[in-house]
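Below: one structure, written as structure tokens.
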Amino acid sequence: MISPLKSMMDSQVLQSFATYATIVVLKMMLMSPLTSYFRLTRKVFANLEDTKFVSSAEDKKLVRTDPDVERVRRYEQHLMSRE
Numbered sequence: 241m242i243s244p245l246k247s248m249m250d251s252q253v254l255q256s257f258a259t260y261a262t263i264v265v266l267k268m269m270l271m272s273p274l275t276s277y278f279r280l281t282r283k284v285f286a287n288l289e290d291t292k293f294v295s296s297a298e299d300k301k302l303v304r305t306d307p308d309v310e311r312v313r314r315y316e317q318h319l320m321s322r323e
């Protein structure tokens, strides 16, 4: 006799859900470092407090928008709103 738990674990639906959930979690975990990478390499920051990581003096020129950073940021927000 097969236990109900064993049959549920072998279910195609549960396996599909687990695969999709793993992909979504990994994608979300990779988006934050990617956004940080673009912000640091392009020296584009959201507020003055973040500029202290790059320069000791507060530099208002570093607080701006960049198309590449905004694209990654919007993609990350889109992912968060869908999940």
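The working numbering applies: residue 241 is where the sequence shown begins, and numbers increase by one. The beta-carbon is built from N, C-alpha and C at its ideal position, and this holds for glycine as well.
Inter-residue Cα distance where the pair is residue i and residue j
{"i": "residue 307", "j": "residue 251", "result": "44 Å"}
{"i": "residue 249", "j": "residue 263", "result": "19 Å"}
{"i": "residue 303", "j": "residue 316", "result": "20 Å"}
{"i": "residue 285", "j": "residue 257", "result": "37 Å"}
{"i": "residue 255", "j": "residue 269", "result": "21 Å"}
{"i": "residue 273", "j": "residue 243", "result": "43 Å"}
{"i": "residue 305", "j": "residue 321", "result": "22 Å"}
{"i": "residue 265", "j": "residue 271", "result": "10 Å"}
{"i": "residue 260", "j": "residue 301", "result": "41 Å"}
{"i": "residue 245", "j": "residue 294", "result": "54 Å"}
Buried/exposed call for residue i, threshold 16 Cβ in 10 Å
{"i": "residue 253", "result": "exposed"}
{"i": "residue 309", "result": "buried"}
{"i": "residue 279", "result": "buried"}
{"i": "residue 291", "result": "buried"}
Cβ-Cβ distance between residue i and residue j below 9 Å
{"i": "residue 281", "j": "residue 313", "result": "no"}
{"i": "residue 267", "j": "residue 319", "result": "yes"}
Which residues DSSP lists as bridging residue i, in chain order
{"i": "residue 278", "result": "Residue 278 is not bridged to any residue."}
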